[in-house]
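Here's the structure, in structure tokens; my notes come after.
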Amino acid sequence: MNRDLEALEDRVYVLHKKHYPHGKAVRSGLSALQSELRTLIGQYPEATALLLSRSIYRLHRRVSSDPFTLKRYTPRSVMRLRPARTQTFHFESQQDLTLSIQHVIKTSQAVQSLDQLATFLFQTVNQPCLNIIDNDLRDTSESVAIAIHLFSTNNRHN
1 MNRDLEALED
11 RVYVLHKKHY
21 PHGKAVRSGL
31 SALQSELRTL
41 IGQYPEATAL
51 LLSRSIYRLH
61 RRVSSDPFTL
71 KRYTPRSVMR
81 LRPARTQTFH
91 FESQQDLTLS
101 IQHVIKTSQA
111 VQSLDQLATF
121 LFQTVNQPCL
131 NIIDNDLRDT
141 SESVAIAIHL
151 FSTNNRHN
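Numbering follows full-length UniProt numbering, in which position 19 of the sequence shown is assigned residue number 19; successive positions increment by one, without gaps.
Here is the structure:
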């Protein structure tokens with residue numbers, strides 16, 4: 001597993017060097033980077049899931065055995081006559097999150113979730129090179145975790 005993690009990180013960094021050679025993006029097709037990242041995710045599903053779940057837990061300063069809960073507050077909308085509500089998204093542990101990410105990767109209908117995973121993977125591995133602030137990456141990680149939770153719960157009910 002360690003070799004897969006190292007290989008994944010190295011290949012994502014090589015993609016960064018290929019698509020951002022001098023710190024600026026190179027024009028290389030409409031979605032060349034995304035498709036290459038999706039290919040890498042398909043080649044290393046377990047390593048990707050482990051790397052992303054570790055990153056999410058690290059960003060939110062959680063211990064791997066602790067539950068991970070996110071709350072999203074949606075304000076009330078007078079125009080749509082919708083009351084305010086709070087949604088809670090919960091994972092039992094880092095392992096639960098890792099297994100959910102693996103499920104999303106192995107499911108073929110999860111194209112949008114896979115794109116989010118690819119973007120988050122690229123940002124996580126290349127955070128120092130891209131000068132991404134932890135708060136921005138934390139927001140992205142929350143969106144990814146919520147998308148994974150929603151995809152997993154929708155597939156359980158179907």
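All residues carry an ideal CB built from backbone N, CA and C; glycine is no exception. This structure is a prediction, so every number in the text was calculated from the model and none was measured.
| said: Let me check one thing: in DSSP terms, what residues is glutamine 87 bridge-paired to? | reply: If you number the sequence shown from 1, residue 87 lands on position 87. According to DSSP, which records beta bridges pairwise, glutamine 87 is partnered with Arg72.
### Inter-residue Cα distance where the pair is arginine 76 and histidine 16
Walking along the sequence shown from the start, residue 76 turns up at place 76. Walking along the sequence shown from the start, residue 16 turns up at place 16. In a straight line, the C-alpha of arginine 76 is about 41 Å away from that of histidine 16.
Let me check understanding here. Comparing Cα to Cα, which of Thr74, Phe91, Ile101 lies closest to proline 83?
On the sequence shown, residue 83 is found 83 positions in, with the first residue counted as 1. Of the candidates Thr74, Phe91, Ile101, the one whose C-alpha sits nearest the C-alpha of proline 83 is Thr74.
Start and end residues, alpha helix (DSSP H) containing histidine 103
In the sequence shown, residue 103 corresponds to position 103, counting from 1. Per DSSP, histidine 103 belongs to the alpha helix (DSSP H) from 94-106.
Check your understanding: Quick one: Cα of valine 125 to Cα of phenylalanine 89, how far?
Key -> What you label residue 125 is simply residue 125 of the sequence shown in a count that begins at 1. What you label residue 89 is simply residue 89 of the sequence shown in a count that begins at 1. Answer to the nearest angstrom: the Cα atoms are 25 Å apart.
Through-space distance from leucine 59 to glutamate 36, alpha-carbon basis: Mapped onto the sequence shown, residue 36 falls at position 36. Mapped onto the sequence shown, residue 59 falls at position 59. The alpha-carbon atoms of glutamate 36 and leucine 59 are separated by roughly 25 Å.
key: Assigned secondary structure, arginine 82 (DSSP; H/G/I helix, E/B strand, else coil)   = Position 82 of the sequence shown, counted from the start, is the residue given in the question as residue 82. Three-state DSSP puts arginine 82 in a strand.
Let me know the secondary structure DSSP gives serine 64 once reduced to three states. As a first step, residue 64 is located in the sequence shown; it is residue number 64 there, counting from the start. DSSP places serine 64 in coil when its eight states are reduced to three.
* To do: Could you tell me the distance, in whole angstroms, from the CA atom of asparagine 155 to the CA atom of histidine 149?
  => Indexing the sequence shown from 1 puts residue 155 at position 155. Indexing the sequence shown from 1 puts residue 149 at position 149. If you take the alpha carbons of asparagine 155 and histidine 149, they lie about 10 Å apart.
Q: Give me the Cα-Cα distance between arginine 54 and serine 64, rounded to the nearest whole angstrom.
A: As a working note, residue 54 is residue 54 in the sequence shown. As a working note, residue 64 is residue 64 in the sequence shown. The alpha-carbon atoms of arginine 54 and serine 64 are separated by roughly 8 Å.
* Asked: How is the alpha helix (DSSP H) around glycine 42 delimited, first residue to last?
  -> One-based indexing of the sequence shown puts residue 42 at position 42. Element bounds for glycine 42: 32-43.
- Query: Does the separation of the CB atoms of isoleucine 105 and isoleucine 56 fall below 8 Å?
  - Reply: Numbered from its first residue, the sequence shown carries residue 105 at position 105. Numbered from its first residue, the sequence shown carries residue 56 at position 56. No, the pair does not count as a contact, with Cβ atoms beyond the cut-off.
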